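**Q** As you go down the protein sequences, you meet chains W and Z in turn. Using the working numbering, you'd call the opening residue of the first sequence number 32 and step up by one each time. Using the working numbering, you'd call the opening residue of the second sequence number 16 and step up by one each time. The beta-carbon is built from N, C-alpha and C at its ideal position, and this holds for glycine as well. Here the structure is a predicted model, which is why all the values come from computation and not from measurement.
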Amino acid sequence: MQIVQVLAYGILLGGIYALLASGVTLIFGVLDVVNVAQGAFLVFSALFTWQIWDTVGIEPLLLIPVMGVLMGTIGWAIYRGMLVRVVPQGPGMTVLLMFGVALTMEGILNIVFGNKFKSVTPDYFTSSVKLGDIVLPMPQLISGVLAIVVLGGIYAYLRFSWAGRALRASSQNRDGAALIGISHKKAAGFAFAIGAATAGVGGVLLAIMYPIFPATHYEWIARLLGVVVLGGFGSIPGAVIAALLLGTMESFASTFVPQWAPLFFYGTILLILVFRPNGIMGSKTREDVA
Amino acid sequence: MREKLKHPRGYVPVILLVLLGLAPLILPDSSYEQSVLIACMLLAIMASGWNLISGLAGYVSLGHGVYLGIGMYTGAVLSKAWDIEPMYLMPLGAVTTAIVAIGVGAIVLRTRSHSFVIITIAVLWTFQLLAQVAKPITGGADGIVIPPPPWARDLGNLPYFYLFFTVLILTILLAWFVMNSRLGAGLVAIRNDEGKAASIGINTTLYKITAYALSAIPFGVAGVLYGQYLSFVNPLGAFGILTSVILVLAALIGGRGTLWGPVIGGFIIALANEFATVSAGGVSARVLIMGIVLILTVMFLPAGLLPSISAAIRKRRSKSQTVKFIDQSSIAKSRTEVDTRAIQSRSLGTVGSSEMILEVQNLVKSFGGVHAVDGVSLGIERGSITGLIGPNGSGKTTLFNCMTGTFSPNSGKVLLDGVEITKDRVWTRAHEGLGRTFQITRLFKSMTVLDNLVAPLEKTSVKQMVAGRYAGDEVDRAREILGFMGLQEFEKQNAAALSFGQQKLVELAQVLMLRPSIILLDEPASGINPTLIEKLANVIRRLNEAGTTVLIVEHNIPLVLSLCSQVHVLAAGQVLTSGTPEEIRNDPLVIEAYLGPDHLLEVPIV
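1) Do glycine 138 (chain W) and serine 246 (chain Z) have their C-beta atoms closer together than 9 Å?
2) Residues in its own chain within less than 6 Å of valine 481 (chain Z) by CB, not counting five upstream and five downstream?
3) Flag this pair as yes or no: are the beta carbons of valine 379 (chain Z) and asparagine 416 (chain Z) separated by less than 9 Å?
4) Taking the runs of the alpha helix (DSSP H) that are 4 residues or longer, which of them lie wholly in the region 469–503 of chain Z?
5) Between the Cα of valine 263 (chain Z) and those of Z:Pro39, Z:Leu57, Z:Asn249, spot the shortest distance and give me the residue it belongs to.
6) Classify lysine 216 (chain W) as buried or exposed, calling it buried when 16 or more other Cβ atoms lie within 10 Å of its own Cβ.
7) Kindly say whether alanine 137 (chain Z), judged by its beta-carbon, lies nearer than 9 Å to any beta-carbon of chain W.
8) Could you tell me the alpha carbon to alpha carbon distance between methionine 136 (chain W) and tryptophan 107 (chain W), rounded to whole angstroms?
9) Out of curiosity, what's the CA-to-CA distance linking serine 392 (chain Z) and leucine 202 (chain Z)?
10) With a 10 Å radius around its C-beta and 16 neighbouring C-beta atoms as the bar for buried, classify glycine 46 (chain W) as buried or exposed.
11) CB-CB under 8 Å to isoleucine 261 (chain Z), same chain, minus the five flanking residues each way: which ones, in chain order?
12) Given this structure, state the Cα-to-Cα distance separating glycine 226 (chain W) from valine 575 (chain Z), to the nearest angstrom.
13) Rounding to the nearest angstrom, what Cα-Cα distance links threonine 563 (chain Z) and leucine 373 (chain Z) in this structure?
14) Less than 9 Å separating the beta-carbons of alanine 190 (chain Z) and proline 277 (chain Z)?
15) So, are the CB atoms of proline 233 (chain Z) and valine 182 (chain Z) less than 9 Å apart?
16) Would you say leucine 321 (chain Z) and threonine 273 (chain Z) are within 9 Å of each other, going by their C-beta atoms?
17) Run the CB neighbour count on tyrosine 177 (chain Z), radius 10 Å, all protein chains shown included, and call it buried at 16 or more, exposed below.
18) Would you please verify whether the beta carbon of glutamine 120 (chain W) is less than 9 Å from any beta carbon of chain Z?
19) The beta strand (DSSP E) spanning leucine 449 (chain Z) covers which residue range?
20) Quick one: what does DSSP say glutamine 454 (chain Z) is sitting in, helix, strand or coil?
21) Does the contact criterion of 3 or more C-beta pairs under 8 Å hold for the region 226–239 of chain W versus the region 97–107 of chain W?
22) Kindly say whether valine 97 (chain W), judged by its beta-carbon, lies nearer than 9 Å to any beta-carbon of chain Z.
23) Output, in sequence order along the chain, the residues in the region 507–530 of chain Z whose CB is closer than 8 Å to any CB in chain W.
24) Does any residue of chain W have a CB that is nearer than 9 Å to the CB of isoleucine 534 (chain Z)?
25) Could you tell me which chain W residues have their CB closer than 8 Å to the CB of threonine 141 (chain Z), listed as they occur along the chain?
26) Mind checking valine 434 (chain Z): buried by the 16 CB within 10 Å criterion, or exposed?
27) Could you check whether the Cβ of glycine 36 (chain Z) sits closer than 8 Å to any heavy atom belonging to the ligand MN?
28) If you count every other CB in all the chains shown that lies within 10 Å of the CB of tyrosine 26 (chain Z), and 16 or more means buried, which is it?
29) Rounded to the nearest angstrom, how far is the Cβ of threonine 396 (chain Z) from that of glutamine 517 (chain Z), given a contact under 8 Å?
30) Glycine 238 (chain Z): which of Z:Pro101, Z:Val138, Z:Gly269 sits nearest, CA to CA?
31) Let's test the definition: count the other Cβ atoms within 10 Å of the Cβ of isoleucine 224 (chain Z) and tell me whether it reaches 16, buried, or not, exposed.
32) From this set, W:Thr125, W:Ser201, W:Ile300, which residue's C-alpha is nearest isoleucine 211 (chain W)'s C-alpha?
33) When you compare the CB positions of leucine 62 (chain W) and valine 118 (chain W), do they come within less than 9 Å of one another, or not?
34) What residue ranges within the region 243–291 of chain W form continuous alpha helix (DSSP H) runs of no fewer than 4 residues, ordered along the chain?
35) Among residues of its own chain, excluding the 5 on either side of glycine 36 (chain Z), which ones have a beta-carbon nearer than 7 Å to its beta-carbon?
36) Decide if aspartate 85 (chain W) is buried, meaning its Cβ has at least 16 other Cβ atoms within 10 Å, or exposed.
Structure follows, in structure tokens:
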């Protein structure tokens, strides 16, 4: 029975990873930019959630839309203010720019919140739910389910709305999309805003699950990038598969060989990349006429 | 390089280095200043090392600090186990980092651009975790304490200063050596266009792994020393991500790909770092300031200080120099007297084992459900000019890519001179005598025409990698070939400055440097003017007379029919028919599938 418990826990964890990583992979798909500041966005959102909860005492889950919109706006501003100028210089430079953004955010958060762990602990923080023989902690259950719901919503939006189709068009063929009236700049700004908004939502979910302090953004971005690389850059289904795989694996490893759990995470990624350098759902494209 | 050194400006960094070496004598009793200079030198060492893989080859590593950590642990662990001073283990630090870098490089260099950046960070974290987990060896999270150095206390940091200084000098020499070698030229070619580099015989895997290992060595040597200097090694300190980011910032702000840029950048950033920590409020401020400097550098000084300064100087000076105008018509006239050895095919005079120099048998290549090449068998006769035509999407370029090794076919064989080469890598095929050009030219745009021509390699050998960039007779042969093509005037031009048609000729000249026995030309006449097409046709005929077999994919039917002795027609991934130009011209199948009924109205242009 322990196996089922560990599996359920892993799927919930994977769901959260999937939501967080989908933001990174969406931004990559449309902009060709690896947003290494996504972890900083997450921690930023989580610490602001903590601040509001600590001052006002509001139910943290109600902050989900607020933080989503806030981070979306910040993300859009970062794209229009800085990133749009650096994109033409290629992937190495955009990664470095976003690293600069991450460090700047970390520095600001350090000064504002200090280098201490903060936890959001609403009254359900220590409760758990029993489903037959399986016992799931309430915060993990709520976060996991909400993450899957939000991710489903985003996926449906990209799939079925006009704006979503425009985004996908722009990510598959930038010039072709421009010819039929889709401004790449607008599509890219929108994609970056949505990607950042997932970090806003994810930050709230993290805040009720884990203690947070500014430098934990490295740990989070490490996992998200692991998921995205493994899934194949730019592929949301790939990211979901990789997230569930790594979430489950982490859950098993931390139950049975706790000390080695993080190593399993990176070990798997390195191993899979030996055989599939472009990730699970990545593809090698024709390069001779590029 | 030698030319640069003759210029007075070339001596400036050398003088600065000498001054640095004299600093402790000028400023005696300056333990603090020495420790700041040590931080500067360490960062300069790391930035210069990083520059070899990330500046030259363009593979941006964001986790290169891992090799400093490995050096630190090498010194700490082994000095404890063997009971010797860590600094004697500095050469061993080079060995362990090189070994680890070769192993890691073999994995991570399989990925490119974005994935590579991410994977390098993952490697750093993996080693941090390993150091934490492997408690019996590394002491786990508590780390290892290293006893104080053997010298008298009142010497302070002075011996460390000169040890770091020595490592810095050695690192700069290593960088200088690599940049002026064939290896360095190959790495720049890889940065420009990796697929193209492979097609002209550069063993890209070997080159990248070599550069990666060489770039790690200075880290390993400095790491052993740095561990003893700190007298303490722990996982977070040894494998911190911030070190890796700061060293990239240093190389960036000084100028990637240059010899002195990373060194100067190292001093600038280490000084800024020290200032932030001491005067602006400690660690939090340091992270904030580094973040802001990184953003500003990427946005406003992406090329780095040194390249920007030299560009500004060049701009000021160029007012007094006029750009040389090159008469178009001079290209159309090629020199008549040419040393034909320069364009001679390697197979000339040797009797091959097979009538067919290049052969494919039952070749299949599909992409998802699309059978781009669907069971093609054909042979290219030795010494012929053979055409390959067919409608768009008939699989010509895919077939080409299977022949050259860019794609590996799902099934079937490729034979060169009767020997199967289906599994050979792209550069091996180039070494074996198979050369190719591209439909859209892929010259190395940041290099001059001459540098483009000396880039191809006829074989892979260590001797060649360490040879000087212009060593051997390559330059003479390159000039001879340029003369043969009528391109001698363009020798010093940047490839990007040439017209598309001229670039096509240069690309062909580049392939000739391989002394290929067969050349595959992918739509050589597309997008170039009629004068150049005529010129190209002449070049192809003369190459063929000199013994080279030519295979042409082309939509310019009059050109194909007038040049070729044998033509294969592809349609829907299969060979529709093969024959002489006369047979093809009148074949009803070909007319229906490709040429159209009115093609005979066209007047042959050659």
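**A** The relevant details are as follows:
1) Position 107 of the first sequence, counting from 1, holds the residue named residue 138 (chain W). Position 231 of the second sequence, counting from 1, holds the residue named residue 246 (chain Z). No, they are not a contact pair.
2) Locating residue 481 (chain Z) in the second sequence gives position 466, counting from the first residue. Excluding sequence neighbours, valine 481 (chain Z) sits near Ser196.
3) To locate residue 379 (chain Z), count along the second sequence from 1; it is residue 364. To locate residue 416 (chain Z), count along the second sequence from 1; it is residue 401. No.
4) 477–481, 489–500
5) Taking the second sequence and counting its residues from 1, the one referred to as residue 263 (chain Z) is at position 248. Here the closest residue by C-alpha is Z:Leu57.
6) Here residue 216 (chain W) is taken as the residue at index 185 of the first sequence, counted from 1. Flag for lysine 216 (chain W) reads exposed.
7) For the purposes of this step, residue 137 (chain Z) is taken as residue 122 along the second sequence, with counting starting at 1. Taking Cβ atoms only, chain W reaches closer than 9 Å to alanine 137 (chain Z), which makes this a yes.
8) Residue mapping note: residue 136 (chain W) aligns to position 105 of the first sequence, counting from 1. Residue mapping note: residue 107 (chain W) aligns to position 76 of the first sequence, counting from 1. Looking at the two C-alpha atoms, the distance is approximately 16 Å.
9) For the purposes of this step, residue 392 (chain Z) is taken as the residue at position 377 of the second sequence. For the purposes of this step, residue 202 (chain Z) is taken as the residue at position 187 of the second sequence. Spanning the two alpha carbons is a distance of roughly 37 Å.
10) Within the first sequence, residue 46 (chain W) is the residue found at index 15, counting from 1. Burial call: buried.
11) Counted from its first residue, the second sequence places residue 261 (chain Z) at position 246. Within the same chain, isoleucine 261 (chain Z) has close Cβ partners Leu58, Ile284, Asn288, Met305.
12) Here residue 226 (chain W) refers to the residue found at position 195 when the first sequence is read from its first residue. Here residue 575 (chain Z) refers to the residue found at position 560 when the second sequence is read from its first residue. Their backbone Cα atoms lie some 52 Å apart in a straight line.
13) Here residue 563 (chain Z) refers to the residue found at position 548 of the second sequence. Here residue 373 (chain Z) refers to the residue found at position 358 of the second sequence. Roughly 12 Å separates the two Cα atoms.
14) Taking the first residue of the second sequence as 1, we reach residue 190 (chain Z) at position 175. Taking the first residue of the second sequence as 1, we reach residue 277 (chain Z) at position 262. Contact flag set, yes.
15) Numbered from 1 along the second sequence, position 218 holds the residue referred to as residue 233 (chain Z). Numbered from 1 along the second sequence, position 167 holds the residue referred to as residue 182 (chain Z). Contact flag set, yes.
16) On the second sequence, position 306 is the one that residue 321 (chain Z) refers to. On the second sequence, position 258 is the one that residue 273 (chain Z) refers to. Result yes, Cβ atoms of leucine 321 (chain Z) and threonine 273 (chain Z) sit closer than 9 Å.
17) Here residue 177 (chain Z) refers to the residue found at position 162 of the second sequence. Classification for tyrosine 177 (chain Z): exposed.
18) In the first sequence, residue 120 (chain W) corresponds to position 89, counting from 1. It does; some Cβ of chain Z falls within 9 Å.
19) As a working note, residue 449 (chain Z) is residue 434 in the second sequence. First-last of the beta strand (DSSP E) with leucine 449 (chain Z): 449–451.
20) As a first step, residue 454 (chain Z) is located in the second sequence; it is residue number 439 there, counting from the start. Three-state DSSP puts glutamine 454 (chain Z) in coil, outside helix and strand.
21) yes
22) Position 66 of the first sequence, counting from 1, holds the residue named residue 97 (chain W). Output row for valine 97 (chain W): interface = no.
23) none
24) Taking the second sequence and counting its residues from 1, the one referred to as residue 534 (chain Z) is at position 519. It does not: the Cβ of isoleucine 534 (chain Z) has no partner Cβ on chain W nearer than 9 Å.
25) The residue given as residue 141 (chain Z) occupies position 126 in the second sequence. Leu294, Tyr297, Gly298, Leu301, listed in chain order.
26) In the second sequence, counting from the first residue as 1, residue 434 (chain Z) sits at position 419. It counts as exposed.
27) Only the bare structure without any ligand can be found here, which leaves the ligand MN out of the picture.
28) Position 11 of the second sequence, counted from the start, is the residue given in the question as residue 26 (chain Z). The Cβ neighbour count for tyrosine 26 (chain Z), taken over all protein chains shown within 10 Å, is under 16; the residue is labelled exposed.
29) Within the second sequence, numbered from 1, the residue matching residue 396 (chain Z) stands at position 381. Within the second sequence, numbered from 1, the residue matching residue 517 (chain Z) stands at position 502. Note on residue identity: the sequence assigns glutamate, not threonine, to residue 396 (chain Z). Their Cβ separation, rounded to whole angstroms, is 31 Å, which puts glutamate 396 (chain Z) and glutamine 517 (chain Z) out of contact at 8 Å.
30) As a first step, residue 238 (chain Z) is located in the second sequence; it is residue number 223 there, counting from the start. Ranking Z:Pro101, Z:Val138, Z:Gly269 by Cα distance to glycine 238 (chain Z) puts Z:Pro101 first.
31) Within the second sequence, the letter at position 209 stands for residue 224 (chain Z). Answer is buried; the Cβ neighbour count reaches 16.
32) The count along the first sequence starts at 1 and reaches residue 211 (chain W) at position 180. Checking every option, the nearest Cα to that of isoleucine 211 (chain W) belongs to W:Ser201.
33) Locating residue 62 (chain W) in the first sequence gives position 31, counting from the first residue. Locating residue 118 (chain W) in the first sequence gives position 87, counting from the first residue. Going by C-beta atoms, leucine 62 (chain W) is nearer than 9 Å to valine 118 (chain W).
34) Runs found: 248–262, 267–287.
35) Indexing the second sequence from 1 puts residue 36 (chain Z) at position 21. Correct list, in chain order: Phe180.
36) Here residue 85 (chain W) refers to the residue found at position 54 when the first sequence is read from its first residue. By the neighbour-count rule (16 or more Cβ atoms within 10 Å), aspartate 85 (chain W) is not buried but exposed.
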